[in-house]
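Engineer: For the sequence shown, my numbering begins at 6 and goes up steadily by one.
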Amino acid sequence: MTGDYSTRELPPVPNDFRPSLPVNPPRMIPPRITVSRPPSVISKFIPEHEITIPNDGNVSKFTVEELLTFLKHMGVSDRIVNHLRKKSVDGKRFSRLSDSELENVGIKNPIIIYFRDKSSAKSKKSAPFML
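#1: Can you tell me where the alpha helix (DSSP H) with N60 in it begins and where it stops?
#2: Determine, using beta carbons only, whether K123 and G62 come nearer to each other than 7 Å.
#3: Taking the alpha carbon of V94 as the reference point, which residue from L72, E108 and P115 has its own alpha carbon closest?
#4: For D95, does the three-state DSSP call read helix, strand or coil?
#5: If you drop the 5 nearest sequence neighbours on each side, which residues of the same chain put their C-beta closer than 8 Å to that of I112?
#6: Are the beta-carbon atoms of S65 and S100 separated by less than 7 Å?
#7: Going by CA-CA distance only, name the one from R98, G96 and V69 that's closest to N87.
#8: Contact check, I116 vs L107 under 8 Å by CB: the rounded distance?
#9: Excluding five sequence neighbours on each side, which residues of the same chain lie with their C-beta closer than 8 Å to the C-beta of P17?
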(Lines of atoms letter the chains of each structure in order from A; the text may use other names.)
(Lines give C-alpha, C1' and ligand atoms only; values in the text may rest on other atoms or scores of the structure.)
Protein backbone atom coordinates (compact mmCIF):
# COMPACT_ATOMS: atom_id res chain seq x y z
CA MET A 6 0.00 0.00 0.00
CA THR A 7 2.41 2.55 -1.13
CA GLY A 8 0.06 5.14 -2.55
CA ASP A 9 -1.96 2.73 -4.68
CA TYR A 10 -5.54 3.61 -3.85
CA SER A 11 -7.54 1.02 -5.66
CA THR A 12 -11.29 1.05 -5.39
CA ARG A 13 -13.08 -1.98 -4.24
CA GLU A 14 -15.27 -3.40 -6.91
CA LEU A 15 -18.94 -3.85 -6.17
CA PRO A 16 -20.82 -6.91 -7.32
CA PRO A 17 -22.65 -6.47 -10.61
CA VAL A 18 -26.31 -5.37 -10.43
CA PRO A 19 -28.74 -7.60 -12.34
CA ASN A 20 -30.66 -5.92 -15.16
CA ASP A 21 -34.07 -6.89 -13.77
CA PHE A 22 -33.35 -5.31 -10.37
CA ARG A 23 -35.46 -2.22 -9.69
CA PRO A 24 -34.56 0.32 -7.04
CA SER A 25 -36.90 0.59 -4.06
CA LEU A 26 -38.50 3.87 -5.11
CA PRO A 27 -42.24 4.45 -5.15
CA VAL A 28 -43.97 4.15 -8.50
CA ASN A 29 -45.55 7.58 -8.08
CA PRO A 30 -43.31 10.22 -6.53
CA PRO A 31 -44.78 12.07 -3.53
CA ARG A 32 -46.85 15.13 -4.30
CA MET A 33 -45.49 18.52 -3.41
CA ILE A 34 -47.47 20.31 -0.70
CA PRO A 35 -48.31 23.85 -1.84
CA PRO A 36 -47.04 26.63 0.42
CA ARG A 37 -49.54 28.09 2.87
CA ILE A 38 -50.87 31.56 2.32
CA THR A 39 -50.29 33.67 5.40
CA VAL A 40 -52.81 36.48 5.71
CA SER A 41 -54.58 37.83 8.75
CA ARG A 42 -58.03 37.26 7.23
CA PRO A 43 -59.31 34.85 4.58
CA PRO A 44 -59.00 36.20 1.01
CA SER A 45 -62.79 36.42 0.67
CA VAL A 46 -62.95 38.85 3.60
CA ILE A 47 -60.21 41.20 2.43
CA SER A 48 -61.46 44.00 0.21
CA LYS A 49 -60.06 47.29 -0.94
CA PHE A 50 -62.62 49.54 0.72
CA ILE A 51 -63.00 53.02 -0.71
CA PRO A 52 -65.69 54.97 1.15
CA GLU A 53 -68.43 56.41 -1.01
CA HIS A 54 -69.14 59.21 1.42
CA GLU A 55 -67.27 60.51 4.42
CA ILE A 56 -68.67 60.13 7.90
CA THR A 57 -67.75 61.72 11.21
CA ILE A 58 -67.98 59.58 14.31
CA PRO A 59 -69.68 61.60 17.07
CA ASN A 60 -67.53 62.44 20.09
CA ASP A 61 -69.98 60.74 22.44
CA GLY A 62 -69.98 57.53 20.33
CA ASN A 63 -73.73 57.72 19.68
CA VAL A 64 -74.36 56.42 16.14
CA SER A 65 -78.15 56.15 16.54
CA LYS A 66 -78.72 59.08 14.16
CA PHE A 67 -76.79 57.40 11.31
CA THR A 68 -78.66 56.47 8.16
CA VAL A 69 -78.31 52.97 6.70
CA GLU A 70 -75.49 54.03 4.34
CA GLU A 71 -73.64 55.97 7.04
CA LEU A 72 -73.81 53.02 9.43
CA LEU A 73 -72.62 50.60 6.76
CA THR A 74 -69.72 52.91 5.86
CA PHE A 75 -68.85 53.09 9.57
CA LEU A 76 -68.93 49.28 9.87
CA LYS A 77 -66.73 48.92 6.78
CA HIS A 78 -64.20 51.25 8.42
CA MET A 79 -64.36 48.98 11.48
CA GLY A 80 -63.29 46.00 9.31
CA VAL A 81 -66.63 44.19 9.05
CA SER A 82 -66.71 41.84 6.04
CA ASP A 83 -68.62 42.74 2.89
CA ARG A 84 -70.89 39.71 3.32
CA ILE A 85 -72.12 40.99 6.70
CA VAL A 86 -72.43 44.58 5.44
CA ASN A 87 -74.59 43.41 2.52
CA HIS A 88 -76.75 41.39 4.92
CA LEU A 89 -77.29 44.46 7.11
CA ARG A 90 -78.10 46.53 4.01
CA LYS A 91 -80.81 44.02 3.02
CA LYS A 92 -82.26 44.25 6.54
CA SER A 93 -82.14 48.10 6.42
CA VAL A 94 -80.23 48.40 9.69
CA ASP A 95 -79.77 52.07 10.51
CA GLY A 96 -78.28 53.64 13.64
CA LYS A 97 -81.52 53.45 15.63
CA ARG A 98 -82.06 49.77 14.81
CA PHE A 99 -78.36 49.04 15.45
CA SER A 100 -78.67 50.52 18.95
CA ARG A 101 -81.49 48.06 19.76
CA LEU A 102 -79.56 44.92 18.73
CA SER A 103 -78.95 42.50 21.59
CA ASP A 104 -75.71 40.65 22.28
CA SER A 105 -77.14 37.42 20.87
CA GLU A 106 -78.26 39.21 17.68
CA LEU A 107 -74.79 40.71 17.24
CA GLU A 108 -73.30 37.24 17.70
CA ASN A 109 -75.72 35.70 15.18
CA VAL A 110 -74.81 38.34 12.61
CA GLY A 111 -71.11 37.85 13.34
CA ILE A 112 -70.10 41.32 14.53
CA LYS A 113 -69.96 40.84 18.30
CA ASN A 114 -66.71 42.37 19.50
CA PRO A 115 -65.93 44.88 22.26
CA ILE A 116 -65.63 47.89 19.94
CA ILE A 117 -68.97 47.27 18.21
CA ILE A 118 -70.61 46.64 21.60
CA TYR A 119 -69.15 49.95 22.88
CA PHE A 120 -70.79 51.92 20.05
CA ARG A 121 -74.03 49.95 20.42
CA ASP A 122 -74.13 50.74 24.17
CA LYS A 123 -73.34 54.43 23.58
CA SER A 124 -76.16 54.60 21.01
CA SER A 125 -78.72 52.88 23.21
CA ALA A 126 -81.72 54.99 24.22
CA LYS A 127 -81.73 53.52 27.73
CA SER A 128 -78.34 54.66 28.93
CA LYS A 129 -77.00 53.21 32.16
CA LYS A 130 -75.85 56.67 33.24
CA SER A 131 -79.36 58.15 33.28
CA ALA A 132 -80.79 55.40 35.48
CA PRO A 133 -81.55 56.54 39.04
CA PHE A 134 -79.12 55.54 41.74
CA MET A 135 -80.42 52.61 43.78
CA LEU A 136 -79.11 51.10 46.99
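Built from N, CA and C at the ideal position, the CB exists for glycine as well. Keep in mind the model is a prediction, meaning the values are calculated, not measured.
Structural biologist: Here's the rundown:
#1: First-last for N60: undefined, no H or E at that position.
#2: G62 sits close to K123, with the two beta carbons spaced by under 7 Å.
#3: Nearest option by C-alpha distance: L72.
#4: Correct three-state label for D95: coil.
#5: In its chain, beyond the 5 residues on either side, L76, V81 and I85 have a beta carbon closer than 8 Å to the beta carbon of I112.
#6: Result yes, Cβ atoms of S65 and S100 sit closer than 7 Å.
#7: Of R98, G96 and V69, the residue nearest in Cα terms is V69.
#8: Contact between I116 and L107 does not hold, since their C-beta atoms are separated by about 11 Å, which reaches or exceeds 8 Å.
#9: Cβ neighbours of P17 beyond the five flanking positions: none.
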